[in-house]
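Here's the structure we're looking at; comments come further down.
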Amino acid sequence: MDEVTVRRSMTGSRSGDETAIEDEDHPTCPDCISRDRAPDMDKRDTDRRSTEEDAVSGDEKGRACPCATCCTPQCDMCHTEDSARSSRREEAAELQPLITPPIERKYVHRVYDTIAPHFSSTRFAKWPKVAQFLESLPVGSILADSGCGNGKYLGFNQGVFHLASDISPRLVKICSSRGYDVAIADSLCLPYRDDVCDGAICIAVLHHMSTEARRRQAILELVRVLKPGGKALITVWALEQEDPGLISKWTPLIKEEQWLESNPEVVHHRQYLAGSDVRHRSERPVIAGSHCDKKPAEEATAAGRERSPRREHETLQRGSHDKQQGRDEKDGKEGECETEDMTRSNGQRSGGLGGEAKPVEYFVPWHLPYHRAEIASALSMGEEESLGRRNDKKGAVVYDRYYHLFVKGELESLVRQVPEATVVDSFFDKSNCCIHQLDEYQSVVKSVADLAGAKGGPAAYRVHKMDQVHMPTYQVHKVDQVQTPVEEEKAKLMQKWGFSRGVLGGRYTC
Amino acid sequence: MRLLTHNMLTCNVKGVTKGYPLKIEAVRLEKKEAEFNPDFLRRIFPKLDWKALYETALSLDLDELPEQAEPSMLEDEAFLQKLHHVLLEVNLEEGALVCPETGRRFPVSKGIPNMLLNEDEV
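Chains as they are written, first to last, in this note's numbering: chain A, 1 to 510; chain B, 511 to 632.
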């Protein structure tokens with residue numbers, strides 16, 4: 001879990017919307033994407049596009065799912081996919097970061113809507129860094145919780161007024177049933193006026209966004225609603241995990257499996273990334289060596305966006321947020337990308353992540369046990385229409401969730417692209433705390449690796465370790481997803497931290 | 511949805527410049543008791559758009575609030591009680607929020623406003 005605390009700077013001109021980042025020389029600004037991509041897309045997709053033009057009536061173009069216009073937040077209409085509309089959406093998503101790409105629509109929004117009650121029943125432990133941040137807000141503060149999920153942080157500081165929102169109607173309904181004011185809204189387009197929040201949190205949300213432009217836009221929105229001098233806390237899943245067994249259970253999007261190859265959302269996403277690779281290197285995922293020479297689309301993608309620690313460290317040292325200097329920094333990065341590309345195309349890899357580039361995009365499974373009530377509709381569906389896959393061995397339907405894991409320094413550099421934001425603190429927490437939380441030392445090692453770059457080493461290491469010693473409760477977060485065989489050890493720790501099986505719903509694994 | 515939330519909400523459709531405050535089309539309002547916290551109210555007060563709050567309250571037949579409010583009023587317990595009631599106890603359960611510029615309706619169902627936009631609105 002990579003986390004940064006962002007402070008909105010007190011000075012500087014306010015621009016307020018996405019135009020603020022559309023510098024003419026910005027390497028990945030939304031304008032550039034649309035302008036630069038057009039010729040490529042025309043060439044590649046001429047056939048597909050012309051059939052779609054015929055298939056879609058004029059007034060349907062660019063229209064989203066009908067959910068936004070209907071009156072019920074639990075609308076099932078939003079799950080109906082009209083193929084023509086869907087393909088229009090695909091094209092639009094390539095051009096506009098605010099439009100949800102199909103891969104997120106299906107593998108984030110629909111999945112979370114489907115698993116909402118089960119997901120919520122596993123979400124109660126508060127991460128100490130987040131708790132600390134919330135506690136630091138005085139009475140009468142206004143806090144935006146962007147992507148609030150089941151709202152587990154909403155009642156934490158009773159003196160704070162929350163502006164909570166999530167895109168999943170079913171998760172919002174769960175928050176609402178607990179008495180909180182929550183809106184159904186997109187984190188990339190928050191429905192609040194400018195400068196109203198004293199604080200903002202965006203916990204474990206950005207890694208579900210499939211392009212850099214979208215991840216940046218979400219931060220931009222957080223900063224827009226913050227008053228000058230306000231602070232935001234952002235957390236994301238980190239790529240750097242000590243436990244190699246953990247990520248190996250997930251499916252990299254580049255994996256060549258039939259079900260992935262035939263998945264239109266994945267194919268579209270790959271095409272998008274490959275297309276944007278031509279000019280926009282920062283949109284590319286890192287690809288494992290064994291897959292990088294297979295197909296043209298993948299080859300282009302394989303050029304990778306991994307950042308070596310050396311480079312990240314440099315970025316951190318250039319901690320200036322003066323506009324002109326920020327621009328110079330971007331230019332500098334662009335130059336470095338060129339160099340990396342050349343290196344990469346010669347088949348060499350930087351040794352940034354243990355000597356080998358890792359994929360950054362994954363499908364992370366969610367196991368919804370057969371006995372859950374919400375499973376009934378999934379089981380009655382045919383394979384074609386169902387989101388999930390049956391796994392009789394585990395007695396569960398498996399849902400894939402899209403994740404873009406963050407490499408070291410990526411979150412900070414993303415924040416630095418946002419005008420009016422400065423990184424005031426940055427730390428590395430246990431990778432999503434609890435998936436492999438049992439070995440405390442593993443995550444400490446990780447902390448050293450990250451904090452050494454950010455803060456200069458041993459001191460930060462000790463601080464982080466103390467956190468773990470004194471606040472062990474966060475380590476039991478998300479226990480339902482633990483898939484390790486060490487039940488005994490887990491039970492011992494659970495007992496030590498005062499959690500009973502009853503509290504956790506009787507299951508540690510799924 | 512409480513009126514304090516409403517005071518912060520705005521129409522976020524692209525190109526809209528006067529999307530605030532959203533007009534409330536109330537089908538059902540509900541009063542839900544909330545804990546009275548004068549300190550909270552005093553600190554929230556400077557963040558409020560008073561004109562929007564006053565007009566919205568008026569449109570819902572809540573005529574307790576004065577048209578103009580000064581920080582000095584925050585020492586007045588009676589004023590704080592009224593403010594508390596309007597901000598935190600009146601809930602819009604069913605209805606809609608309407609953009610003053612475009613007329614775009616954001617439905618509110620079971621107290622939840624749906625602020626999602628269509629793709630041609632972002």
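Glycine included, C-beta positions come from ideal geometry on N, C-alpha and C.
Return the residue from the list A:149, A:97 and A:154 that minimises the CA-CA distance to residue 121 (chain A).
Position 121 of the first sequence, counted from the start, is the residue given in the question as residue 121 (chain A). Nearest C-alpha to residue 121 (chain A) among A:149, A:97 and A:154: A:149.
Whether or not the segment 540-556 of chain B and the segment 589-598 of chain B are in contact is what I'm after, with contact meaning three or more pairs of Cβ atoms, one per stretch, closer than 8 Å; do they touch?
With a cut-off of 8 Å, the segment 540-556 of chain B and the segment 589-598 of chain B count as touching, because enough Cβ pairs lie within range.
Check this for me: beta carbons of residue 145 (chain A) and residue 177 (chain A), under 9 Å apart or not?
Residue 145 (chain A) sits at position 145 when you count from the first residue of the first sequence. Residue 177 (chain A) sits at position 177 when you count from the first residue of the first sequence. The Cβ atoms of residue 145 (chain A) and residue 177 (chain A) do not sit closer than 9 Å to each other.
The alpha helix (DSSP H) with residue 566 (chain B) in it runs from where to where?
Along the second sequence, read from residue 1 onward, the residue named residue 566 (chain B) stands at position 56. Residue 566 (chain B) -> alpha helix (DSSP H) spans 560-569.
For residue 622 (chain B), which residues from the same chain have a beta carbon less than 6 Å from its beta carbon, with the 5 sequence-adjacent residues on both sides left out?
Taking the first residue of the second sequence as position 1, residue 622 (chain B) is located at position 112. The beta carbon of residue 622 (chain B) is closer than 6 Å to none in its chain, skipping five residues each way along the sequence.
When you check each C-beta in the segment 615-631 of chain B against every C-beta of chain A, which residues fall closer than 7 Å?
617, 619, 620, 621, 622, 623, 624, 625, 626, 627, 628, 629 and 630
Among residues of its own chain, excluding the 5 on either side of residue 225 (chain A), which ones have a beta-carbon nearer than 8 Å to its beta-carbon?
On the first sequence, residue 225 (chain A) is found 225 positions in, with the first residue counted as 1. Cβ within range, chain order: 144, 163, 190, 192, 193, 194, 195, 196, 197 and 200.
Could you compute how far the alpha carbon of residue 628 (chain B) sits from the alpha carbon of residue 393 (chain A)?
Reading the second sequence from its first residue, position 118 is the one you call residue 628 (chain B). Reading the first sequence from its first residue, position 393 is the one you call residue 393 (chain A). Approximately 41 Å between the Cα atoms of the pair.
Below 8 Å on the Cβ atoms is my contact criterion, and I expect residue 519 (chain A) with residue 233 (chain A) to pass it. Report the Cβ-Cβ distance as a whole number of Å.
No answer is possible for residue 519 (chain A): the residues shown for chain A start at 1 and end at 510.
Does any residue of chain B have a CB that is nearer than 9 Å to the CB of residue 193 (chain A)?
Taking the first residue of the first sequence as position 1, residue 193 (chain A) is located at position 193. Yes, because at least one Cβ of chain B sits closer than 9 Å to the Cβ of residue 193 (chain A).
Could you give the C-beta distance for residue 538 (chain B) and residue 605 (chain B), rounded to a whole number, given that I count them as a contact under 8 Å?
For the purposes of this step, residue 538 (chain B) is taken as residue 28 along the second sequence, with counting starting at 1. For the purposes of this step, residue 605 (chain B) is taken as residue 95 along the second sequence, with counting starting at 1. Indeed they touch by this definition, with Cβ atoms about 7 Å apart.
Please check the pair residue 570 (chain A) and residue 368 (chain A), which I expect to be a contact at CB under 8 Å, by giving their CB distance rounded to whole angstroms.
The structure shown does not extend to residue 570 (chain A), since chain A is modelled only from 1 through 510, so no value can be given for it.
Determine the contact status of residue 275 (chain A) and residue 202 (chain A), defining contact as a CB-CB distance below 9 Å.
On the first sequence, position 275 is the one that residue 275 (chain A) refers to. On the first sequence, position 202 is the one that residue 202 (chain A) refers to. No, the Cβ-Cβ distance between residue 275 (chain A) and residue 202 (chain A) is not below 9 Å.
What does residue 183 (chain A) reach in chain B if we use C-beta pairs closer than 8 Å?
Residue mapping note: residue 183 (chain A) aligns to position 183 of the first sequence, counting from 1. Within chain B, the residues near residue 183 (chain A) are 511, 515, 519, 622, 623, 624 and 625.
For residue 612 (chain B) and residue 240 (chain A), what's the separation of their Cα atoms in angstroms?
For the purposes of this step, residue 612 (chain B) is identified with residue 102 of the second sequence, where counting begins at 1. For the purposes of this step, residue 240 (chain A) is identified with residue 240 of the first sequence, where counting begins at 1. About 47 Å.
Could you tell me which residues DSSP pairs with residue 403 (chain A) in its beta bridges?
The residue you call residue 403 (chain A) lines up with position 403 of the first sequence. Paired residue(s): A:362.
Closer than 9 Å, CB to CB, is residue 81 (chain A) near chain B or not?
Position 81 of the first sequence holds residue 81 (chain A). Interpretation of residue 81 (chain A) is limited by its pLDDT of 46, a score under 50 that renders its predicted location unreliable; the figure taken from the coordinates is listed afterwards. So, not an interface residue.
Return the residue from the list B:597, B:632 and B:573 that minimises the CA-CA distance to residue 543 (chain B).
If you number the second sequence from 1, residue 543 (chain B) lands on position 33. For the residues B:597, B:632 and B:573, the minimum Cα distance to residue 543 (chain B) belongs to B:597.
Please work out which residues of its chain come closer than 8 Å, Cβ to Cβ, to residue 608 (chain B), disregarding the five sequence neighbours upstream and downstream, and give them in chain order.
Numbered from its first residue, the second sequence carries residue 608 (chain B) at position 98. Once the five neighbours on either side are set aside, the close Cβ partners of residue 608 (chain B) are 532, 533, 534, 535, 614, 615 and 616.
Pull out every residue of the segment 100-122 of chain A whose Cβ sits closer than 9 Å to any Cβ of chain B, in chain order.
Contacts with chain B (Cβ-Cβ distance below 9 Å) from the segment 100-122 of chain A involve 100, listed in chain order.
Please say whether residue 515 (chain B) and residue 183 (chain A) have beta carbons closer to each other than 9 Å?
As a first step, residue 183 (chain A) is located in the first sequence; it is residue number 183 there, counting from the start. As a first step, residue 515 (chain B) is located in the second sequence; it is residue number 5 there, counting from the start. The answer is yes: Cβ separation under 9 Å.
May I ask you to report which of helix, strand or coil DSSP gives residue 246 (chain A)?
In the first sequence, residue 246 (chain A) corresponds to position 246, counting from 1. It is helical.
I want to see whether chain A comes within less than 9 Å of residue 564 (chain B), judged by CB atoms only; does it?
If you number the second sequence from 1, residue 564 (chain B) lands on position 54. No - not a single Cβ of chain A is within 9 Å of the one on residue 564 (chain B).
Is residue 549 (chain B) close to chain A, meaning its C-beta is less than 9 Å from at least one C-beta of that chain?
For the purposes of this step, residue 549 (chain B) is taken as the residue at position 39 of the second sequence. By this cut-off, residue 549 (chain B) is an interface position.
So, residue 419 (chain A) versus residue 253 (chain A), is the Cβ gap smaller than 9 Å?
On the first sequence, residue 419 (chain A) is found 419 positions in, with the first residue counted as 1. On the first sequence, residue 253 (chain A) is found 253 positions in, with the first residue counted as 1. No, they are not a contact pair.
How would you write the range of the beta strand (DSSP E) that residue 197 (chain A) sits in, first residue to last?
Locating residue 197 (chain A) in the first sequence gives position 197, counting from the first residue. Taken as a continuous stretch (DSSP letters only), the beta strand (DSSP E) holding residue 197 (chain A) covers 197-203.
Quick check on the DSSP output: the alpha helix (DSSP H) that includes residue 392 (chain A) runs from which residue to which?
As a first step, residue 392 (chain A) must be located in the first sequence, where it is residue number 392. Taken as a continuous stretch (DSSP letters only), residue 392 (chain A) belongs to no alpha helix (DSSP H), as it is neither H nor E.
In the DSSP assignment, what are the bridge partners of residue 189 (chain A)?
Your numbering for residue 189 (chain A) matches position 189 in the first sequence. Looking at the DSSP assignment, residue 189 (chain A) forms a beta bridge with A:186.
Counting only Cβ-Cβ distances shorter than 7 Å, please list the residues of the segment 556-588 of chain B near chain A, keeping chain order.
557
If residue 401 (chain A) sits next to residue 180 (chain A), beta carbons under 8 Å apart, how far is it from one beta carbon to the other, in whole angstroms?
Along the first sequence, read from residue 1 onward, the residue named residue 401 (chain A) stands at position 401. Along the first sequence, read from residue 1 onward, the residue named residue 180 (chain A) stands at position 180. That pair is no contact at about 24 Å.
Check the Cβ-Cβ distances between residue 161 (chain A) and every residue of chain B, and say whether any is below 9 Å.
Reading the first sequence from its first residue, position 161 is the one you call residue 161 (chain A). Yes, residue 161 (chain A) lies at the interface with chain B (some Cβ there is under 9 Å from its Cβ).
Report all residues from its chain with a CB closer than 6 Å to the CB of residue 156 (chain A); omit the five preceding and five following residues, and keep chain order.
As a working mapping, residue 156 (chain A) is identified with position 156 in the first sequence. Excluding its 5 nearest sequence neighbours in each direction, residue 156 (chain A) has C-beta neighbours in its own chain below 6 Å: 134, listed in chain order.
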